[in-house]
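Notes for the one structure printed next.
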Amino acid sequence: MPIKIIAGLPIKEQLEKEKIYAIDLSRAMSQDIRPIRVLIVNLMPKKEETEMQLLRLLGNSPLQVDIDFMHMSTHKSKNTDQSYLKKYYNTFDEIRDKFYDGMIVTGAPVEHLEYNDVTYHDELSDLITWADTHVFSRLFICYGAQFALYHKYNIKKEALPEKLFGVYSYLNEQNTHPFMRGFDDSYNVCQSRHTTINIETLNENNELNVLSRHPLYGADVVASKDNRDLYIFGHMEYDRETLNNEYQRDVKRGQRNVSIPENYFIDNDPNTRPQFIWKSSGHLLFNNWLNHTYQETPYVLSELKKM
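With my numbering, the residue at position 128 of the sequence shown is 112, and numbering never jumps.
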């Protein structure tokens, strides 16, 4: 089934080239099926790049997925024109009275800041509280996951001695869990962060369930016990070149001691093509999340207020 996006979204042509089919509202209205409604809260500076990464994963499903995008109105984007945001994105006020099957909150390059120092701290906090009664299933990525865990459980992030940057193999701790179904005993995932959440703190919380871990770097996938919140510290949505682009950006900026992403280039040679060894994991996890969300969400979304 196709994903439903706002008419004219620039990445639609590229989606169709990749055989990821998208339809606009007029065609979607003529289809007599129950779509799954997903809100994407895009905190990343390069909006179109993140849109493409997420829609590739959400479009690989037998479900029709209706997409709304949202940006933080309390933050002025330096990388995306306001005209683009106004045309293709919603603000919190514009979606406040709506209900969704699922919500995705992306990462953001602000982890070096204290949570309270981020310009949109209050708006994102209000959004996560609102989602408890307006969204059935919530998926938080990287900084979004760290922020949500702090907001919900007062779990604080910790600075790493050096940036965790590369592709790493994580152990599947619960292969019968709905979100990990179909995963091998280990899987690969991109990491690009300066902070972490202590795995012992996560394990001690009786409302959380650690689904995968690395022996050195801790948890990657964590779910709430009721499976309505999914936290991912890595980036399963990244495409082949994303880590390379980050690496080349830092080199051009003249940053000192720029590390080559680990386990990414063949023989650690940045002149070679990066290995794309996490793609299947990303598709599997997002499909599991969509399927679980679709199966468990009340048919009448407004009933979420009673849950």
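By construction, the Cβ of each residue, glycine as well, lies at the ideal position given by its N, Cα and C atoms.
So, with DSSP's three-state summary, where would you put residue i?
i	result
GLU280	helix
GLN175	strand
GLY(-8)	coil
ASP101	helix
PHE149	strand
MET28	coil
ASN44	coil
ASN156	strand
GLY202	strand
ALA132	helix
HIS118	helix
ILE79	helix
GLN232	helix
LEU195	coil
GLY294	Shown here, the chain extends from -15 to 291; a query on residue 294 therefore has no answer.
SER170	strand
SER286	helix
ASP65	coil
GLY218	coil
MET56	coil
MET(-15)	Note that MET(-15) scores a pLDDT of 49, beneath 50, so its modelled location is shaky and nothing firm can be said.
Give me the Cβ distance between residue i and residue j, rounded to the nearest whole Å; I'm assuming they're in contact under 8 Å.
i	j	result
ILE51	VAL89	Not a contact, Cβ separation roughly 14 Å.
VAL25	LEU42	That pair is no contact at about 14 Å.
ASP107	SER57	The question names Asp, but residue 107 in the sequence shown is Glu. Between SER57 and GLU107 the Cβ distance is about 7 Å, and since that is below 8 Å, they are a contact.
GLU280	PRO258	With a Cβ gap of about 36 Å, GLU280 and PRO258 do not count as contacting.
Going by C-alpha to C-alpha distance, which of the options sits closest to residue i?
i	options	result
LYS71	LEU192, ASN63, ALA203 and MET54	MET54
TYR154	ASP253, PHE217 and TYR134	PHE217
GLU146	SER109, GLY266, ASP101 and PRO245	PRO245
LEU192	HIS118, LEU133, TYR222 and HIS59	LEU133
LYS31	ARG237, VAL194, ASP65 and GLU0	ASP65
TYR137	PRO162, SER109 and PHE149	SER109
Check the DSSP bridge columns for residue i and list the partner residues they point to.
i	result
GLU142	THR180
ARG21	ASP50
ASP213	ARG122
Three or more C-beta pairs closer than 8 Å, one from the stretch 178 to 186 and one from the stretch 141 to 154: is that the case here? They touch, by the three-pair rule.
Cβ pair count under 8 Å reaching 3, the stretch 152 to 167 against the stretch 204 to 218: Yes, the stretch 152 to 167 touches the stretch 204 to 218.
Would you say the stretch 111 to 125 touches the stretch 82 to 102, given that touching needs at least three Cβ pairs under 8 Å? With contact defined as three or more Cβ pairs closer than 8 Å, the stretch 111 to 125 and the stretch 82 to 102 are in contact.
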